[in-house]
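Asks:
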Amino acid sequence: SAVISQKPSRDICQRGTSLTIQCQVDSQVTMMFWYRQQPGQSLTLIATANQGSEATYESGFVIDKFPISRPNLTFSTLTVSNMSPEDSSIYLCSASIYRGVRPGNTIYFGEGSWLTVV
Amino acid sequence: DQQVKQNSPSLSVQEGRISILNCDYTNSMFDYFLWYKKYPAEGPTFLISISSIKDKNEDGRFTVFLNKSAKHLSLHIVPSQPGDSAVYFCAASAGGAQKLVFGQGTRLTINP
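Keeping their order, the protein sequence lines are chains A and B.
Counting from 86, one number per residue, gives the positions in the first sequence under our numbering.
Counting from 5, one number per residue, gives the positions in the second sequence under our numbering.
(1) Since threonine 105 of chain A contacts threonine 162 of chain A with CB under 8 Å, what's their CB separation in whole angstroms?
(2) Apart from the five residues just before and just after serine 174 of chain A, which ones in its own chain have a Cβ nearer than 7 Å to its Cβ?
(3) Any idea which residues DSSP pairs serine 174 of chain A with across the strands?
(4) For a contact meaning CB atoms closer than 7 Å, what does lysine 103 of chain B contact in chain A?
(5) Enumerated in chain order, which unbroken segments of the beta strand (DSSP E) with a length of 3 residues or greater are wholly contained in the region 52-88 of chain B?
(6) Measure from the C-beta of leucine 70 of chain B to each C-beta in chain C and report whether the shortest distance is under 8 Å.
(7) Any idea what DSSP makes of proline 48 of chain B, helix, strand or coil?
(8) For the beta strand (DSSP E) containing isoleucine 24 of chain B, list its first residue and its last residue.
(9) Go through its chain and collect everything with a Cβ distance to arginine 21 of chain B's Cβ below 6 Å, but skip five positions before and after it.
(10) What does a CB cutoff of less than 6 Å around proline 188 of chain A pick up in its chain, not counting 5 residues either side in sequence?
(11) Suppose contacts are defined by Cβ-Cβ distances below 8 Å. Is tyrosine 176 of chain A in contact with glycine 145 of chain A by that definition?
(12) Along the region 31-55 of chain B, where does the CB come closer than 8 Å to a CB of chain A? Name the residues.
(13) Return helix, strand or coil for threonine 191 of chain A, following the three-state DSSP convention.
(14) Is it buried or exposed, lysine 103 of chain B, if we count other Cβ atoms within 10 angstroms and call 16 or more buried?
(15) In this structure, does DSSP put leucine 130 of chain A in helix, strand or coil?
(16) Less than 8 Å between the beta carbons of threonine 191 of chain A and serine 53 of chain B, yes or no?
(17) For serine 181 of chain A and threonine 115 of chain A, I'd like the C-alpha separation in whole angstroms.
(18) Give the secondary structure of valine 105 of chain B by DSSP, where H, G and I count as helix, E and B as strand, and everything else as coil.
(19) Return helix, strand or coil for tyrosine 43 of chain B, following the three-state DSSP convention.
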């Protein structure tokens with residue numbers, strides 16, 4: 086299985102500040118994604134991180150709030166901007182790894198970044 | 005619009021018995037399904053997946069069954085072990101897009 090590293094693993098952030106989460110995959114991958122899990126909720130896709138172009142955001146998520154970078158095939162960052170307590174969540178990076186099973190690849194996740202906004 | 009549903013928020017099973025976790029979906033375009041295990045404040049751990057061209061897939065103690073006509077899948081864990089206690093998420097994707105839609109999760113507790 087792929088190793089996906091995220092940092093920070095957790096942080097306490099002041100309201101109104103921004104924090105950048107880094108995601109590193111141990112192999113080159115085509116597809117990388119960012120998810121959020123708010124307390125007591127399921128996982129929700131924020132955006133697809135596209136290498137060399139702008140990220141593709143899901144409904145309800147915008148670039149100004151969650152800017153994403155994907156400079157190469159192994160690395161991506163997610164910034165949570167102008168944070169409020171409602172942004173307190175676990176943010177998860179994931180990557181699609183082909184394992185020979187059609188039509189889909191296997192999606193692996195990082196350990197998560199647990200942000201608390203105070 | 006909840007496209008993937010896990011209607012049981014919790015399940016309690018005796019150690020050594022079979023655990024059955026259920027998942028229903030509404031989007032007929034979904035063609036790939038995955039199960040994840042998750043502990044609090046950690047990332048999901050991939051367990052097993054199934055393509056829509058199959059109706060069963062096994063991996064050790066884990067078996068996933070897919071009933072396309074009923075838009076239903078289930079995860080069987082046998083025998084259940086105390087280390088299996090966690091929240092289990094069902095997820096689905098469509099057309100190789102690899103973007104996952106998750107269910108709400110089922111908290112499984114294995115009792116000794």
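Using N, Cα and C, we set each Cβ at its ideal position, and we do this for glycine too.
Owing to the predicted nature of the structure, the values given are computational and were not obtained by experimental measurement.
Replies: Quick look at the numbers:
(1) The sequence position of residue 105 of chain A within the first sequence is 20, counting from 1. The sequence position of residue 162 of chain A within the first sequence is 77, counting from 1. Right, their Cβ atoms sit about 5 Å apart.
(2) Position 89 of the first sequence, counting from 1, holds the residue named residue 174 of chain A. Closer than 7 Å at the Cβ level, and outside the excluded window around serine 174 of chain A, lie Arg121, Gln122, Gln123, Leu200.
(3) What you label residue 174 of chain A is simply residue 89 of the first sequence in a count that begins at 1. Beta-bridge pairing links serine 174 of chain A to A:Leu200.
(4) Residue 103 of chain B sits at position 99 when you count from the first residue of the second sequence. Correct list: Phe118, Leu130, Thr133.
(5) DSSP assignment within the region 52-88 of chain B yields the following whole beta strand (DSSP E) runs of 3 residues or more, N-terminal first: 60-63, 66-71, 76-81.
(6) Note that chain C does not occur in the displayed structure, where the protein chains are A and B.
(7) Working through the second sequence from its first residue, we reach residue 48 of chain B at position 44. In the three-state reduction of the DSSP assignment, proline 48 of chain B falls in the coil class, being assigned neither a helical nor a strand state.
(8) Taking the first residue of the second sequence as 1, we reach residue 24 of chain B at position 20. Where isoleucine 24 of chain B is concerned, the enclosing beta strand (DSSP E) stretches over 23-29.
(9) On the second sequence, residue 21 of chain B is found 17 positions in, with the first residue counted as 1. Only Ser84 meet the Cβ criterion.
(10) Mapped onto the first sequence, residue 188 of chain A falls at position 103. Note that proline 188 of chain A scores a pLDDT of 49, beneath 50, so its modelled location is shaky; the value from the coordinates is reported in the next line. Around proline 188 of chain A: no qualifying Cβ.
(11) Looking up residue 176 of chain A in the first sequence gives position 91. Looking up residue 145 of chain A in the first sequence gives position 60. The beta carbons of tyrosine 176 of chain A and glycine 145 of chain A sit no closer together than 8 Å.
(12) Against chain A - using a Cβ distance shorter than 8 Å - the residues of the region 31-55 of chain B are Asp35, Tyr36, Leu38, Tyr40, Ala45, Glu46, Gly47, Pro48, Thr49, Phe50, Ser53, Ser55.
(13) Mapped onto the first sequence, residue 191 of chain A falls at position 106. Reduced to three states, the DSSP call for threonine 191 of chain A is strand.
(14) Indexing the second sequence from 1 puts residue 103 of chain B at position 99. Residue environment: lysine 103 of chain B is assigned as buried (16 or more neighbouring CB atoms within 10 Å of its CB, all protein chains considered).
(15) Along the first sequence, read from residue 1 onward, the residue named residue 130 of chain A stands at position 45. Here DSSP, grouped into helix, strand and coil, assigns leucine 130 of chain A to strand.
(16) Translated into the one-based positions of the first sequence, residue 191 of chain A becomes position 106. Translated into the one-based positions of the second sequence, residue 53 of chain B becomes position 49. Threonine 191 of chain A places its beta carbon less than 8 Å from that of serine 53 of chain B.
(17) On the first sequence, residue 181 of chain A is found 96 positions in, with the first residue counted as 1. On the first sequence, residue 115 of chain A is found 30 positions in, with the first residue counted as 1. Taking the straight line joining both Cα atoms gives about 7 Å.
(18) Taking the first residue of the second sequence as position 1, residue 105 of chain B is located at position 101. Correct three-state label for valine 105 of chain B: strand.
(19) By 1-based counting over the second sequence, the position of residue 43 of chain B is 39. Secondary structure of tyrosine 43 of chain B (DSSP, three-state): coil.
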